[in-house]
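Novice: Have a look at the structure that comes next, please.
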Amino acid sequence: MTTTPEGTLALSAQQIRKSFGGKEILHGISVDVKKGEHIAIIGPSGSGKSTFIRCLNLLETPDHGTIDLHGERVFDAVEKTPAKSVRALRKRVGMVFQSFNLFATHTALENVSLAQRLVLERSKTDAVDRSEELLERVGLKKHMHKHPSQLSGGQQQRVAIARSLALDPEVILFDEPTSAIDPEMRVEVLRVMKELAEGGMTMMTVTHEIEFAKEAADRAMFLADGELLEIGPAAEILTDPSNERIRRFVNALSGVI
Amino acid sequence: MQEYLDMIVSLLPGLWLSILMATVSILIGIPLGFVAGLILNGSNKALRWLTIALVEIFRGFPALLTLYLVYFGLAEIITLDRFAAVVAAFGVTTAAYTAEIFRASIASVPRGQVEAAQALALTKKQITSRVVLPHVLNIAVPPVIGIAIITFQGTALAYAIGAKELLGSAYSIGMINFRVLEPLLVAALLYLLFTSLLAWMEILADRRVARISGTSFDGGAGAARRRQRRQRKTGFDASVLNTPASKITQ
Ligand SMILES: Nc1ncnc2c1ncn2[C@@H]1O[C@H](COP(=O)(O)OP(=O)(O)OP(=O)(O)O)[C@@H](O)[C@H]1O
Ligand SMILES: [Mg+2]
């Protein structure tokens with residue numbers, strides 16, 4: 005088990021590189037995420053934020069680099085990772101998508117239960133009990149028998165968070181979780197996320213919500229053109245960025261010229 | 010009255026045979042159509058072209074021609090009774106018609122839902138059976154019932170090779186009594202009853218799709234068109250009425 009003076013590393017990604025069609029998108033990005041830490045990932049469109057976090061649960065296979073979870077090597081680009089190990093990693097690293105991606109033919113409850121039944125091999129009653137508990141936690145128990153199409157974007161995203169929590173992951177990755185939601189509905193999702201972060205969940209969140217990142221993230225990392233430009237305390241980096249490029253970006257997002 | 014009841018009773022074996030022919034044709038056609046849909050979405054080029062050719066052939070041929078080819082053509086090679094010829098011919102015709110439905114429904118499985126399932130550590134098999142298949146069945150059922158209606162009506166063609174299905178029995182009863190029209194009308198009524206039943210099932214299935222996915226097989230285009238038409242009529246989009254006043258910004 006790798007420990008650092010600050011505490012245990014929940015996730016360590018080293019030198020992640022990824023190319024699409026011969027064009028390198030990520031040029032070797034490294035990050036160490038402490039247990040219980042929440043890291044906000046910011047950066048302009050096309051900088052590789054989505055590609056980076058998709059590499060962390062192997063929805064994209066990095067061309068180069070390693071991933072450790074709690075000190076255990078779970079991915080190394082020099083070896084072929086068998087499907088079974090890929091699934092073992094994904095069980096430990098949850099993912100919440102911009103477009104929710106709930107299973108449309110399943111109810112909210114079934115969405116949250118499915119992986120518990122199939123992956124954790126929980127009994128039906130245990131899975132339902134746990135799902136109800138999680139839906140209660142995100143404020144949606146009374147909607148549990150609805151299909152995604154009957155829920156608002158904010159509600160769907162909270163179901164998606166519950167679905168991800170159902171596997172008791174060690175880390176949850178969020179890719180712009182509120183970008184596809186009406187502004188007035190975002191706050192309920194952000195509140196759930198903030199509670200999660202405060203409850204000690206290890207999280208990485210790609211977001212354009214600067215205020216949220218300042219408030220709910222411990223550190224922020226800024227990506228530009230597939231490189232890690234800076235990483236540091238969120239409030240510091242996002243309130244008064246010393247880096248000119250970050251300052252311009254943050255000001256543009258906050259509507260300051 | 011009694012006369013008509015008698016007629017219905019004497020047509021029942023014919024109706025039963027029609028239903029049986031249609032059911033077996035559909036049971037042959039749907040799995041074949043599904044496999045064709047999978048191949049059309051697959052990466053094997055040779056198989057794909059072969060499937061496209063077969064689909065075009067059996068959609069292009071009039072069903073009666075396919076039936077003749079099977080019944081008289083295969084008779085040169087193997088002995089085939091009428092029933093087998095009918096279900097073989099209409100089975101492949103049904104497969105050709107449903108192939109396109111299955112191809113489109115398989116292609117329409119949202120990539121994001123498959124990724125979400127992968128991210129939840131599901132195996133490929135589990136993703137196919139628990140995410141892809143429900144989606145495909147959900148949207149394919151209503152149009153497949155539509156094809157089933159056509160297959161059922163198509164069984165009347167079996168009369169042309171002398172099968173005693175519904176139309177065939179009506180006609181022979183008519184010939185015996187020298188009154189053809191009445192049995193034909195009774196047969197028409199029975200066809201109508203049965204296809205209406207199927208059409209009603211199609212509507213129910215369609216509603217289920219609309220309720221679950223908030224859309225139908227045409228990706229919601231039908232519903233959107235209907236909404237637009239309403240809007241043209243009333244001059245405003247009625248859906249704003251469902252928005253709480255506090256949320257209306259303009
Ligand atoms: N599957 C893919 N195939 C080819 N190119 C890709 C693929 N995925 C991403 N890219 C490219 O990689 C670059 C980075 O994309 P990525 O989606 O990671 O950016 P991002 O920072 O998440 O942007 P946004 O803020 O718009 O979501 C883009 O130029 C994109 O076109
Ligand atoms: Mg992105």
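As given, the protein sequences belong to chains A and B, one line each in that order.
Here the first sequence is numbered in my numbering, starting from 5 and rising by one per residue.
Here the second sequence is numbered in my numbering, starting from 10 and rising by one per residue.
Beta carbons: idealized from backbone N, C-alpha and C, even for Gly.
Collect the residues with a C-beta less than 5 Å away from any heavy atom of ligand 1 and give them in sequence order along the chain.
Specialist: Cβ-based neighbours of ligand 1 within the cut-off: A/F24, A/I29, A/S49, A/G50, A/S51, A/G52, A/K53, A/S54 and A/T55.
Novice: Are the stretch 75-90 of chain A and the stretch 157-168 of chain A touching, with three or more C-beta to C-beta distances below 8 Å?
Specialist: At 8 Å Cβ cutoff, the stretches do not touch.
Novice: Closer than 8 Å, CB to CB, is A/T109 near chain B or not?
Specialist: Taking Cβ atoms only, chain B reaches closer than 8 Å to A/T109, which makes this a yes.
Novice: What did DSSP end up calling A/Q159 once you bin it into helix, strand or coil?
Specialist: Helix.
Novice: Are three or more beta carbon pairs between the stretch 170-181 of chain A and the stretch 56-75 of chain A nearer than 8 Å?
Specialist: Flag = yes, the stretch 170-181 of chain A and the stretch 56-75 of chain A touch.
Novice: Could you check if A/D179 belongs to the surroundings of ligand 2, using beta carbon to heavy atom distance under 7 Å?
Specialist: Within the cutoff, so yes.
Novice: For B/H144, does the count of other Cβ atoms within 10 angstroms reach 16, so buried, or fall short, so exposed?
Specialist: It is buried - the Cβ of B/H144 has at least 16 other Cβ atoms within 10 Å.
Novice: Give the DSSP-derived three-state secondary structure of B/F70 in the structure shown.
Specialist: Three-state DSSP puts B/F70 in coil, outside helix and strand.
Novice: DSSP beta-bridge partners for A/L227?
Specialist: Beta-bridge pairing links A/L227 to A/L232.
Novice: Could you list which residues in chain A have their beta carbon closer than 8 Å to that of B/E85, in chain order?
Specialist: None at all; the shortest Cβ gap to chain A is about 48 Å.
Novice: Please report whether the beta-carbon of A/S103 lies at a distance below 8 Å from any beta-carbon of chain B.
Specialist: Yes, contact with chain B.
Novice: Please determine whether the Cβ atom of A/K210 lies at a distance below 7 Å from any heavy atom of ligand 2.
Specialist: Per the sequence shown, the amino acid found at residue 210 of chain A is Val instead of Lys. Within the cutoff, so yes.
Novice: Would the beta-carbon of B/A125 fall within 8 Å of that of A/N105?
Specialist: For B/A125 and A/N105, yes; Cβs fall inside 8 Å.
Novice: Select from B/T107, B/T164, B/A98 and B/L190 the residue whose C-alpha is nearest the C-alpha of B/I148.
Specialist: Out of B/T107, B/T164, B/A98 and B/L190, B/T107 has the C-alpha closest to the C-alpha of B/I148.
Novice: Determine the direct distance from the alpha carbon of B/P71 to that of B/S84, and round the result to whole angstroms.
Specialist: Note that residue 84 of chain B is Ala in the sequence shown here, rather than Ser. B/A84 and B/P71: Cα-Cα distance of roughly 20 Å.
Novice: Please list, in chain order, the chain A residues whose beta carbon lies closer than 8 Å to that of B/I221.
Specialist: Here the neighbours are A108, T109, H151 and S153.
Novice: From A/G203 to A/L242, what distance separates their C-alpha atoms?
Specialist: C-alpha separation (whole angstroms): 23 Å.
Novice: From A/D222 to A/H42, what distance separates their C-alpha atoms?
Specialist: C-alpha separation (whole angstroms): 5 Å.
Novice: Excluding the five sequence neighbours on either side, which residues of its own chain have a C-beta within less than 8 Å of the C-beta of A/R162, listed in chain order?
Specialist: The answer, listed in chain order, is V142, G143, L144, E192, V193 and V196.
Novice: Using only the alpha-carbon positions, how far apart do B/R57 and B/Q127 sit?
Specialist: Rounded to the nearest angstrom, the two C-alpha atoms are 27 Å apart.
Novice: Less than 8 Å between the C-beta atoms of B/V150 and B/V118, yes or no?
Specialist: Not in contact: B/V150 and B/V118 (Cβ atoms no closer than 8 Å).
Novice: Grab me the residues of B/D227's own chain with a C-beta within less than 7 Å of its C-beta, minus the 5 sequence neighbours each way, in chain order.
Specialist: Note that B/D227 has pLDDT 46, beneath the 50 cutoff, so the model's placement of it is unreliable and no number is given.
Novice: Under the rule that 16 or more other beta-carbon atoms within 10 Å means buried, what is A/T148, buried or exposed?
Specialist: According to the sequence as given, residue 148 of chain A is Met; it is not Thr. Per the 10 Å Cβ criterion, buried.
Novice: What three-state label does DSSP hand B/A232 in the structure shown?
Specialist: Any reading at B/A232 must be qualified, since the residue scores a pLDDT of 44, below 50, and its modelled position is unreliable; no value is offered.
Novice: Which first and last residues belong to the beta strand (DSSP E) in which A/L30 is found?
Specialist: Where A/L30 is concerned, the enclosing beta strand (DSSP E) stretches over K27 to K38.
Novice: Just tell me which of B/L63, B/I37 and B/L36 has its CA closest to the CA of B/L49.
Specialist: Nearest option by C-alpha distance: B/L63.
Novice: What separation, rounded to the nearest whole angstrom, lies between the Cα atoms of A/P245 and A/L233?
Specialist: Near 12 Å, if we compare the C-alpha coordinates of A/L233 and A/P245.
Novice: From the DSSP output, in three-state form, read off A/P237 for me.
Specialist: Note: A/P237 maps to strand in three-state DSSP.
Novice: Nearest by alpha-carbon distance to A/A14: which of A/K27, A/I20, A/S34 and A/K38 is it?
Specialist: A/A14 has its Cα closest to that of A/K38, out of A/K27, A/I20, A/S34 and A/K38.
Novice: Let me see if you follow: with CB-CB separation under 8 Å, is A/A17 close to chain B or not?
Specialist: No, A/A17 lies away from the interface with chain B (no Cβ there is under 8 Å from its Cβ).
Novice: A/A220: buried (16+ other C-beta within 10 angstroms of its C-beta) or exposed?
Specialist: Classification for A/A220: buried.
Novice: Please confirm if the stretch 160-177 of chain B is in contact with the stretch 248-257 of chain A, defined as three or more CB-CB distances below 8 Å between the two stretches.
Specialist: No contact exists between the stretch 160-177 of chain B and the stretch 248-257 of chain A.
Novice: Indicate the three-state DSSP secondary structure (helix, strand or coil) for A/H68 in the structure shown.
Specialist: A/H68 falls in the strand class under three-state DSSP.
Novice: Need the endpoints of the beta strand (DSSP E) that A/D222 sits in, please.
Specialist: Run containing A/D222: none; DSSP gives neither H nor E here.
Novice: Starting from B/L83, follow the alpha helix (DSSP H) in both directions and report where the run begins and ends.
Specialist: From DSSP, B/L83 is part of no alpha helix (DSSP H); its letter is neither H nor E.
Novice: Suppose you measure from the CA of B/T88 to the CA of B/A98; what does that come to, to the nearest Å?
Specialist: Near 15 Å, if we compare the C-alpha coordinates of B/A98 and B/T88.
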